[in-house]
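Report on the following structure.
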Amino acid sequence: MSLYEHTIVARQDSSDSQIKSIKEKYLKLVEKNKGNIVKTEDWGLMNLSYLIKKNKKGNYIHFKIEGNGQMINELEKNAKIDKNLLRFLTVRVKEFDLNSNYFGKNEEAK
């Protein structure tokens, strides 16, 4: 199984319950396609470099996933048609960095 990092950017006007349902949707999608979520990070609301669909900010959610290429194709296909998402990016990595939390200020406040 290959290792992937998948980051999605949800709309800035998404409520906490919508963000939670987006996370659940993609968690179920990965599990349905025989993948494994190693870690999920909620990076919170951050500024975008430029306007995307009239949005200045976006809610970032980052997944560290073990799976195959077919699962990633299914994940990206669903992300393309999801109206709540602005952008997504999937990167294949050699190993996960589970110790560093680059955008952890939101989680430390909880």
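Here the sequence shown is numbered in the working numbering, starting from 3 and rising by one per residue. For glycine and all other residues, C-beta sits at the position ideal for the given N, C-alpha and C. Please read these numbers as outputs of a predicted model, since none were measured by experiment.
In terms of residues, what are the limits of the beta strand (DSSP E) holding residue i?
i     : result
LEU5  : 4 to 13
SER19 : Segment 18 to 34 is the alpha helix (DSSP H) holding SER19; no beta strand (DSSP E) there.
LYS59 : 57 to 69
GLY37 : Premise fails: GLY37 is in no beta strand (DSSP E) and is neither H nor E.
LEU87 : 87 to 95
Which same chain residues, not among the five before or five after residue i, have their C-beta less than 6 angstroms away from its C-beta?
i     : result
SER17 : none
CB-CB under 7 angstroms to residue i, same chain, minus the five flanking residues each way: which ones, in chain order?
i     : result
ASN70 : MET3 and SER4
LYS59 : GLN14, LEU47, MET48, ASN49 and LEU50
LEU91 : THR9
Rounded to the nearest angstrom, how far is the Cβ of residue i from that of residue j, given a contact under 8 angstroms?
i     : j     : result
ALA12 : ILE63 : 7 angstroms
ILE74 : TYR6  : 6 angstroms
Check each candidate in the options and name the one with the smallest Cα separation from residue i.
i     : options                : result
SER19 : ASN86, LYS36 and ASN75 : ASN86
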